[in-house]
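Peer 1:
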Amino acid sequence: VVFFLSDYGLADEFVGVVHAVLLRQVPDVAVVDLTHGIPAFDVRAGAEALARAVPHLGPGVVLAVVDPGVGGVRRGVAVRAGDGRWFVAPDNGLVGPAAEACGGVAAVRDLRKPGDAPATFDGRDVFAPAAAALAALGTPPPGAEVDPASLVRLTPALATRGSEGGLVVLRAPVTWVDRFGNVQLGATGDEGPPPGADGILVRVTAPPGGDAAPGARPTSFRARRVRAFSDLGDGELGVLGDANGRLAIVVREGSAAASTQLSAGGVVELVW
Amino acid sequence: VVFFLSDYGLADEFVGVVHAVLLRQVPDVAVVDLTHGIPAFDVRAGAEALARAVPHLGPGVVLAVVDPGVGGVRRGVAVRAGDGRWFVAPDNGLVGPAAEACGGVAAVRDLRKPGDAPATFDGRDVFAPAAAALAALGTPPPGAEVDPASLVRLTPALATRGSEGGLVVLRAPVTWVDRFGNVQLGATGDEGPPPGADGILVRVTAPPGGDAAPGARPTSFRARRVRAFSDLGDGELGVLGDANGRLAIVVREGSAAASTQLSAGGVVELVW
Amino acid sequence: VVFFLSDYGLADEFVGVVHAVLLRQVPDVAVVDLTHGIPAFDVRAGAEALARAVPHLGPGVVLAVVDPGVGGVRRGVAVRAGDGRWFVAPDNGLVGPAAEACGGVAAVRDLRKPGDAPATFDGRDVFAPAAAALAALGTPPPGAEVDPASLVRLTPALATRGSEGGLVVLRAPVTWVDRFGNVQLGATGDEGPPPGADGILVRVTAPPGGDAAPGARPTSFRARRVRAFSDLGDGELGVLGDANGRLAIVVREGSAAASTQLSAGGVVELVW
Chain F
1 VVFFLSDYGL ADEFVGVVHA VLLRQVPDVA VVDLTHGIPA FDVRAGAEAL
51 ARAVPHLGPG VVLAVVDPGV GGVRRGVAVR AGDGRWFVAP DNGLVGPAAE
101 ACGGVAAVRD LRKPGDAPAT FDGRDVFAPA AAALAALGTP PPGAEVDPAS
151 LVRLTPALAT RGSEGGLVVL RAPVTWVDRF GNVQLGATGD EGPPPGADGI
201 LVRVTAPPGG DAAPGARPTS FRARRVRAFS DLGDGELGVL GDANGRLAIV
251 VREGSAAAST QLSAGGVVEL VW
Chain L
273 VVFFLSDYGL ADEFVGVVHA VLLRQVPDVA VVDLTHGIPA FDVRAGAEAL
323 ARAVPHLGPG VVLAVVDPGV GGVRRGVAVR AGDGRWFVAP DNGLVGPAAE
373 ACGGVAAVRD LRKPGDAPAT FDGRDVFAPA AAALAALGTP PPGAEVDPAS
423 LVRLTPALAT RGSEGGLVVL RAPVTWVDRF GNVQLGATGD EGPPPGADGI
473 LVRVTAPPGG DAAPGARPTS FRARRVRAFS DLGDGELGVL GDANGRLAIV
523 VREGSAAAST QLSAGGVVEL VW
Chain S
545 VVFFLSDYGL ADEFVGVVHA VLLRQVPDVA VVDLTHGIPA FDVRAGAEAL
595 ARAVPHLGPG VVLAVVDPGV GGVRRGVAVR AGDGRWFVAP DNGLVGPAAE
645 ACGGVAAVRD LRKPGDAPAT FDGRDVFAPA AAALAALGTP PPGAEVDPAS
695 LVRLTPALAT RGSEGGLVVL RAPVTWVDRF GNVQLGATGD EGPPPGADGI
745 LVRVTAPPGG DAAPGARPTS FRARRVRAFS DLGDGELGVL GDANGRLAIV
795 VREGSAAAST QLSAGGVVEL VW
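Respectively, the protein sequence lines represent chains F, L and S. In this text, residue positions in the first sequence follow our numbering: the first is 1, and each later residue adds one. In this text, residue positions in the second sequence follow our numbering: the first is 273, and each later residue adds one. In this text, residue positions in the third sequence follow our numbering: the first is 545, and each later residue adds one.
1) Please compile the residues from chain F whose C-beta is within a distance smaller than 8 Å of the C-beta of Asp742(S).
2) Apart from the five residues just before and just after Pro634(S), which ones in its own chain have a Cβ nearer than 6 Å to its Cβ?
3) Compare the Cα-Cα distances from Val2(F) to each of Arg224(F), Phe127(F), Arg203(F), Asp147(F) and report the closest residue.
4) Name, please, each residue of chain S whose Cβ falls closer than 8 Å to the Cβ of Gly387(L).
5) According to DSSP, is Val561(S) helix, strand or coil?
6) Put Ala248(F) into one of helix, strand or coil per three-state DSSP.
7) Measuring only between beta-carbons, confirm whether Phe547(S) sits less than 8 Å from chain F.
8) Taking the CB atoms as reference points, tell me whether Phe276(L) and Val298(L) lie closer together than 8 Å.
9) Taking DSSP as the reference, what is the three-state secondary structure of Glu708(S)?
10) Can you tell me where the beta strand (DSSP E) holding Thr35(F) begins and where it ends?
11) So, for Pro739(S): in the same chain, excluding its five sequence neighbours on each side, which residues have a beta-carbon less than 8 Å away from its beta-carbon?
12) What is the C-beta distance between Val440(L) and Trp544(L), in whole angstroms, given that I count them as a contact (C-beta under 8 Å)?
13) For the alpha helix (DSSP H) that contains Leu681(S), what are its first and last residues?
14) Ends of the beta strand (DSSP E) at Arg624(S)?
15) Does the Cβ of Ala529(L) have 16 or more other Cβ atoms within 10 Å, making it buried, or fewer, making it exposed?
16) Output yes if chain S places a C-beta closer than 8 Å to the C-beta of His328(L); else output no.
17) Return helix, strand or coil for Ala149(F), following the three-state DSSP convention.
18) What residues from the stretch 615 to 643 of chain S come within 9 Å of chain L, judged by C-beta to C-beta, listed N to C?
19) For Val32(F), would you say it is in contact with chain L, using Cβ-to-Cβ distances shorter than 8 Å as the test?
20) Does any C-beta atom of chain S lie closer than 8 Å to the C-beta of Asp314(L)?
21) If we count the other Cβ atoms within 10 Å of its Cβ and call it buried at 16 or more, is Leu430(L) buried or exposed?
22) For Gly186(F), which residues from the same chain have a beta carbon less than 6 Å from its beta carbon, with the 5 sequence-adjacent residues on both sides left out?
23) Could you tell me which residues DSSP puts in a beta bridge with Gln456(L)?
24) Phe127(F) CB to nearest chain S CB: under 8 Å?
25) Under 8 Å between the Cβ atoms of Gly368(L) and Arg316(L)?
26) For a contact meaning CB atoms closer than 7 Å, what does Arg227(F) contact in chain L?
27) Could you check if Thr392(L) is buried or exposed, using at least 16 other CB atoms within 10 Å of its CB as the buried criterion?
28) When you check each C-beta in the stretch 444 to 456 of chain L against every C-beta of chain F, which residues fall closer than 9 Å?
29) Using 8 Å as the limit for Cβ to Cβ distance, is Thr579(S) near chain F?
30) Leaving aside the five residues before and after Pro308(F) along the sequence, list all residues of the same chain whose C-beta is less than 8 Å from its C-beta, in chain order.
31) Should Ala416(L) be labelled buried (16 or more other beta-carbon atoms within 10 Å of its own) or exposed?
32) Should the stretch 568 to 587 of chain S be called in touch with the stretch 651 to 663 of chain S, which here means at least 3 C-beta pairs below 8 Å?
33) To the nearest whole angstrom, what separates the beta carbons of Phe493(L) and Leu504(L), a pair I think is in contact under 8 Å?
34) May I ask which residues mark the beginning and end of the alpha helix (DSSP H) holding Gly640(S)?
35) Grouping DSSP H, G and I as helix and E and B as strand, with all else coil, what is Pro193(F)?
36) If you reduce the DSSP assignment to three classes, tell me which class Asp556(S) lands in.
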């Protein structure tokens with residue numbers, strides 16, 4: 001099995017061609033498309049999606065391509081995690097969080113070949129063949145073993161907890177807005193307000209480095225800690241622990257992103 | 273084989289994770305994605321799509337997830353149709369029309385387990401494992417047999433036929449607008465105007481419960497009963513029996529939805 | 545293996561139903577979706593995508609459906625290329641360039657049956673069964689052998705090379721804008737400016753037959769010939785030979801289509 005994630009989208013034939021290359025090399029391979037809807041060039045969003053998916057995968061190789069640096073000096077790598085799972089990807093931080101979830105990085109192989117020409121479609125020409133080799137043989141294609149410490153890693157966007165007038169303030173990045181408008185935060189469900197908390201203040205602030213209009217004040221909302229969507233009334237904002245163990249801001253049968261104007265990369269403060 | 277339909281979209285990893293769960297449990301399963309483009313929370317649109325697809329499916333289990341009530345009190349069910357086909361879905365009406373097309377509902381099993389925690393991703397945690405069990409063994413996971421009559425059913429949106437000044441008036445709901453802009457109605461091809469009918473009046477009225485602007489009059493168009501797109505001239509509106517045996521309003525190489533501003537949930541009157 | 549390309553999109557169940565039909569007829573078939581994101585009715589875009597994909601496909605039948613003439617007088621055909629690969633498609637030019645890439649058209653079989661009813665979903669009812677028969681048996685379904693010269697062919701959109709005040713002027717159609725905004729031209733990488741060329745003038749002109757506003761002058765930009773995205777500075781426009789051997793206008797980690805307002809069907813002049 002090859003699990004395949006990318007920012008290729010489905011409008012073009014990129015994904016289909018990678019499938020064809022995998023199948024040509026390993027005729028009985030099964031390819032599972034995790035998603036190809038990662039926003040173009042958004043390595044962090046790809047890393048988040050991969051980390052959410054990886055606990056649910058059975059045996060198989062992960063092929064992940066979100067690759068703004070294609071054709072440049074960045075390495076391609078095959079990464080073996082502590083639990084034995086292989087990842088094939090550009091070395092730009094994409095597989096870091098997923099590999100952590102699989103026991104950390106145990107070994108790294110450099111997929112560059114001497115004299116490689118500049119290229120624009122390494123997913124087809126480099127990463128798919130490497131993933132196919134791993135799927136067929138369990139061994140990566142030839143390449144230099146490199147120090148796991150040399151892997152590029154993303155700076156994690158962490159939640160911070162403070163206080164304000166006797167109240168708890170949890171400041172957390174928005175890591176994902178899903179198709180239903182659920183707003184997932186970079187914090188675990190346990191870090192959020194306690195069960196039953198009501199009147200939680202949700203303060204939307206500018207993203208880090210973002211330009212707030214002069215004099216603009218954060219927009220704020222009220223929310224309630226719930227266990228499930230169904231605990232909420234129509235249009236009511238809720239905070240819950242989601243299916244990935246993360247804290248999320250939600251609306252029942254509606255879009256919390258539309259209600260709050262939050263999007264991935266934004267920052268929110270919960271005060272209770 | 274598992275046939276999988278949902279409103280998960282393809283931007284997120286939901287569909288991929290469900291595939292992974294199925295494959296992990298049944299390594300040789302083939303998963304056919306019927307569509308994941310059902311509008312979010314739109315149970316009726318999902319039920320229509322499933323009913324259109326099911327006559328063309330070979331042996332296999334149907335996994336259908338359009339689930340606005342996830343985490344609430346709605347049941348998850350495994351439904352066996354009269355022809356032996358199993359459906360796994362939330363009990364919200366989603367599989368009713370498709371099960372009817374397969375000989376009606378023969379048996380229903382409740383997939384809830386005592387002590388189930390509230391949840392936000394039952395597709396992954398409840399329905400996929402149940403579908404996998406059915407695909408592997410042909411038997412559903414343990415669960416109480418419940419009365420088929422207790423299944424939630426959608427109120428069908430039916431066409432009605434009347435007359436007006438000696439003319440036939442067929443009032444029909446719009447059940448689907450496809451990617452090409454073909455407007456499918458909740459009526460069979462046979463219920464429509466006879467072959468060769470010309471000058472059919474197509475009256476667009478407000479959707480049931482919709483707010484028509486005060487004094488607004490229905491917009492109307494003229495159409496011709498045809499056998500195929502190719503019988504139509506450029507931009508001409510046609511009425512035909514479509515590939516699902518339904519009456520549809522169409523434009524050759526163009527969008528009847530764009531021409532008429534009709535969309536799913538709307539209502540149209542054909543007068544001839 | 546069946547390789548499947550269409551303009552069906554993924555919002556509806558069209559693609560899923562075709563998969564189901566293939567699988568029903570050939571239980572162990574593997575179906576690779578090349579793409580279903582071809583713009584509706586855009587035969588030329590489909591032909592381009594198919595020609596780009598086909599060099600990377602292993603053994604298997606190609607099923608291609610972009611079919612504005614469905615239900616009309618156009619034929620359905622099974623086309624055998626010089627290298628033995630079969631294509632199943634409407635006879636509207638869709639498979640021409642891909643078949644050329646496979647050694648030209650060796651044989652053509654007419655898939656029409658006497659008495660065929662008008663239809664709206666030949667992908668499901670005609671082309672998928674024919675592709676399944678080919679995948680299972682290697683032989684096409686019964687049908688009249690017809691003259692390969694009778695196949696409908698698209699007029700190729702060719703680049704032309706001229707001169708202007710001692711400079712080279714390459715006038716080329718835009719054949720594709722991909723998801724990342726790379727603008728692919730109907731010219732090979734070798735036909736473009738030489739390595740290292742700087743200050744290349746990129747003149748955007750009206751598409752053939754397009755209406756330029758009276759007095760409108762072409763918009764122009766400057767670009768540099770590069771080997772890879774990474775040779776470019778932020779926002780800088782580049783010209784390179786892409787992964788399909790074609791000339792393309794690109795921006796590093798950005799959209800050349802957004803920068804230049806070029807889209808498929810447009811025409812551009814490169815002057816150096």
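Glycine is no exception: its CB is placed at the ideal position from the N, C-alpha and C atoms.
Peer 2: In terms of the structure at hand:
1) The residue given as residue 742(S) occupies position 198 in the third sequence. What Asp742(S) touches in chain F: nothing, since even the nearest Cβ is about 17 Å away.
2) Locating residue 634(S) in the third sequence gives position 90, counting from the first residue. The beta carbon of Pro634(S) sits closer than 6 Å to those of Asp611, Arg618, Gly620, all from its chain and outside the five residues before and after it, given in chain order.
3) Counted from its first residue, the first sequence places residue 2(F) at position 2. Of Arg224(F), Phe127(F), Arg203(F), Asp147(F), the residue nearest in Cα terms is Phe127(F).
4) Your numbering for residue 387(L) matches position 115 in the second sequence. Chain-order list of chain S residues neighbouring Gly387(L): empty, with the shortest C-beta distance near 35 Å, by a criterion of under 8 Å.
5) As a working note, residue 561(S) is residue 17 in the third sequence. When secondary structure is reduced to three states using DSSP, Val561(S) falls in the helix class.
6) As a first step, residue 248(F) is located in the first sequence; it is residue number 248 there, counting from the start. The DSSP-derived three-state label of Ala248(F) is strand.
7) For this step, residue 547(S) is matched to residue 3 along the third sequence. Taking 8 Å as the threshold, the shortest C-beta distance from Phe547(S) to chain F falls below it.
8) The count along the second sequence starts at 1 and reaches residue 276(L) at position 4. The count along the second sequence starts at 1 and reaches residue 298(L) at position 26. No. Outside cutoff.
9) The sequence position of residue 708(S) within the third sequence is 164, counting from 1. Reduced to three states, the DSSP call for Glu708(S) is strand.
10) By 1-based counting over the first sequence, the position of residue 35(F) is 35. 31 to 35 is the span of the beta strand (DSSP E), which, as asked, contains Thr35(F).
11) As a working note, residue 739(S) is residue 195 in the third sequence. Counting only residues of its own chain and dropping the five nearest sequence neighbours on each side, Pro739(S) has a CB closer than 8 Å to the CB of Arg769, Arg771.
12) Within the second sequence, numbered from 1, the residue matching residue 440(L) stands at position 168. Within the second sequence, numbered from 1, the residue matching residue 544(L) stands at position 272. Taking C-beta atoms under 8 Å as the contact rule, Val440(L) and Trp544(L) qualify, at a distance of about 6 Å.
13) Start at 1 with the first residue of the third sequence, and residue 681(S) comes out as number 137. Boundaries of the alpha helix (DSSP H) around Leu681(S): 672 to 681.
14) As a first step, residue 624(S) is located in the third sequence; it is residue number 80 there, counting from the start. Bounds of the beta strand (DSSP E) holding Arg624(S) are 620 to 625.
15) The count along the second sequence starts at 1 and reaches residue 529(L) at position 257. When all chains shown are included, Ala529(L) counts as buried.
16) One-based indexing of the second sequence puts residue 328(L) at position 56. Interface annotation, His328(L): in contact with chain S, CB-CB separation under 8 Å.
17) As a position in the first sequence, residue 149(F) is number 149, starting the count at 1. Correct three-state label for Ala149(F): helix.
18) Cβ contacts with chain L: Gly615, Gly616, Val617, Arg618.
19) Position 32 of the first sequence holds residue 32(F). True, the Cβ-Cβ gap to chain L drops below 8 Å.
20) Here residue 314(L) is taken as the residue at index 42 of the second sequence, counted from 1. The C-beta of Asp314(L) comes no closer than 8 Å to any C-beta of chain S.
21) Counting from one through the second sequence, the residue named residue 430(L) turns up at place 158. Around the CB of Leu430(L), fewer than 16 other CB atoms lie within 10 Å, so the residue is classed as exposed.
22) Along the first sequence, read from residue 1 onward, the residue named residue 186(F) stands at position 186. Ala157, Ala159, Ala172, Pro173, Thr175, listed in sequence order.
23) Start at 1 with the first residue of the second sequence, and residue 456(L) comes out as number 184. Partner(s): Trp448(L), Ala520(L).
24) Here residue 127(F) corresponds to residue number 127 of the first sequence, with the count starting at 1. Closer than 8 Å to the CB of Phe127(F) there is not a single CB belonging to chain S.
25) As a position in the second sequence, residue 368(L) is number 96, starting the count at 1. As a position in the second sequence, residue 316(L) is number 44, starting the count at 1. Not closer than 8 Å, so no.
26) Start at 1 with the first residue of the first sequence, and residue 227(F) comes out as number 227. Near Arg227(F) (Cβ distances below 7 Å), the residues of chain L are Pro390.
27) Locating residue 392(L) in the second sequence gives position 120, counting from the first residue. Buried, by the Cβ-count rule.
28) Flagged: no residues at all.
29) The residue you call residue 579(S) lines up with position 35 of the third sequence. Chain F contact via Cβ: present.
30) Since the displayed chain F opens at 1 and closes at 272, residue 308(F) lies outside it and no answer follows.
31) Here residue 416(L) refers to the residue found at position 144 of the second sequence. Burial state of Ala416(L) is exposed, judged by a 10 Å Cβ sphere holding fewer than 16 other Cβ atoms.
32) Short answer: they don't touch.
33) In the second sequence, residue 493(L) corresponds to position 221, counting from 1. In the second sequence, residue 504(L) corresponds to position 232, counting from 1. Incorrect: roughly 13 Å between the Cβ atoms, too far for contact.
34) On the third sequence, residue 640(S) is found 96 positions in, with the first residue counted as 1. Annotation: the continuous alpha helix (DSSP H) that includes Gly640(S) extends over 640 to 645.
35) Stepping through the first sequence from its first residue, residue 193(F) is reached at position 193. In the structure shown, Pro193(F) adopts coil according to DSSP, grouped into three states.
36) Counted from its first residue, the third sequence places residue 556(S) at position 12. For Asp556(S), the secondary structure class from DSSP, reduced to helix, strand or coil, is coil.
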